[in-house]
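Structure first, commentary second.
Numbering (the numbering used here), first residue to last: 20 to 224.
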């Protein structure tokens, strides 16, 4: 997989955006990218203006929707302590976005893509609530996070599996690890997810 810190330009002029090669769909026709209201920076300049992470159709550069994260990379510089991954279904009809900042998961969303548009489902609240309920009584000071460095897998039937943790930032206390499975169903212009299982696990890189 391509280095997520690299990117390439898609489109021209005010419509130009940068695409993250590591997020390209199996079909090669869709990916995540970023743009700003002030245009793309050059050289080692940082982005200015309002930054958007977007879902883009590569053949024509059309933006299909805005993502929840705010990651950027120019090839020479990148957003510090931010990470972004795209977990695609094998048929490229759906993708899950995991956008993490230093401590938090800023965006955890499911996108179903069809000719009629994009259906978006926010998974963050559902999953965090399920994880915090196992075990009950967990310290509320612990931060919830999806592990972007461990596999996030989405199958063609809407089955999603991933790892999550509850941890205390800047603490030597061990994080609580979880293996989580969801089932996501998309019907026309809506999607719904249910938690299949949440299992305590000792996570390793």
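Ideal placement from N, C-alpha and C gives every residue a C-beta, glycine not left out.
Subject >> Which residues DSSP lists as bridging residue 71, in chain order >> reply: Per DSSP, 54.
**OP:** Label residue 37 either buried or exposed according to how many other C-beta atoms from any shown protein chain fall within 10 Å of its C-beta, with 16 as the threshold for buried.
**Re:** Buried, by the Cβ-count rule.
Subject >> Residue of 95, 175, 74, 183 minimising C-alpha distance to residue 145 >> reply: Comparing Cα-Cα distances from residue 145 to each of 95, 175, 74, 183, the minimum goes to 183.
Subject >> Own chain partners of residue 98 with C-beta closer than 6 angstroms, once the 5 adjacent residues on each side are dropped >> reply: The residues are 90, 91.
Subject >> Coil, strand or helix - residue 204 by DSSP >> reply: Three-state result, residue 204: strand.
Subject >> Alpha-carbon spacing of residue 67 relative to residue 60, whole angstroms >> reply: One alpha carbon belongs to residue 67, the other to residue 60, and they sit about 8 angstroms apart.
Subject >> Delimiting residues of the alpha helix (DSSP H) encompassing residue 157 >> reply: Taken as a continuous stretch (DSSP letters only), residue 157 belongs to no alpha helix (DSSP H), as it is neither H nor E.
Subject >> Where the alpha helix (DSSP H) through residue 151 begins and ends >> reply: Run containing residue 151: 143-151, per the alpha helix (DSSP H) assignment.
**OP:** Would you kindly work out how many angstroms separate the C-alpha atoms of residue 142 and residue 149, rounded to a whole number?
**Re:** The alpha-carbon atoms of residue 142 and residue 149 are separated by roughly 11 angstroms.
**OP:** Enumerate in chain order the residues of its own chain whose CB-to-CB distance from residue 216 is below 8 angstroms, with the five nearest sequence positions on each side excluded.
**Re:** Same-chain partners within the cutoff: 198, 199, 200.
**OP:** Give the DSSP-derived three-state secondary structure of residue 34 in the structure shown.
**Re:** In the displayed model, residue 34 falls within a helix according to three-state DSSP.
Subject >> Identity of the residue in 163, 127, 158, 131 nearest residue 171 by Cα >> reply: Checked all of 163, 127, 158, 131; the closest Cα to residue 171 is 127.
**OP:** Please work out which residues of its chain come closer than 8 angstroms, Cβ to Cβ, to residue 73, disregarding the five sequence neighbours upstream and downstream, and give them in chain order.
**Re:** Excluding sequence neighbours, residue 73 sits near 36, 51, 52, 53, 54, 82, 83, 84, 85, 86.
Original post:
Going by the CB atoms, is the gap between residue 177 and residue 202 shorter than 7 angstroms?
Top reply: Residue 177 is positioned such that its CB atom lies closer than 7 angstroms to that of residue 202.
Original post:
Would DSSP call residue 41 helix, strand or coil?
Top reply: For residue 41, the secondary structure class from DSSP, reduced to helix, strand or coil, is helix.
Original post:
How should residue 116 be labelled, buried or exposed, when 16 other C-beta atoms within 10 angstroms of its C-beta is the threshold for buried?
Top reply: Residue 116 should be labelled buried.
Original post:
Using a Cβ-Cβ cut-off of 8 angstroms (strictly less than) and excluding sequence neighbours within five positions of residue 28, which residues of its own chain qualify?
Top reply: Here the set comprises 35, 36, 37, 38, 59.
Subject >> Buried/exposed call for residue 158, threshold 16 Cβ in 10 Å >> reply: Burial call: exposed.
Original post:
Just to confirm, are residue 163 and residue 147 a CB contact at a threshold of 7 angstroms?
Top reply: When the beta-carbon positions are compared, residue 163 and residue 147 come within less than 7 angstroms of each other.
Subject >> Under the three-state DSSP convention, the category residue 189 falls into >> reply: Look at residue 189 here: in three-state DSSP terms it is coil, with no helix or strand label.
**OP:** For residue 65, collect the residues of the same chain with a Cβ closer than 8 angstroms to its Cβ; drop the 5 residues on either side in sequence, then sort them by chain order.
**Re:** The beta carbon of residue 65 sits closer than 8 angstroms to those of 96, all from its chain and outside the five residues before and after it, given in chain order.
**OP:** Quick one: give me the first and last residue of the beta strand (DSSP E) that residue 171 is part of.
**Re:** Where residue 171 is concerned, there is no enclosing beta strand (DSSP E), because DSSP gives it neither an H nor an E.
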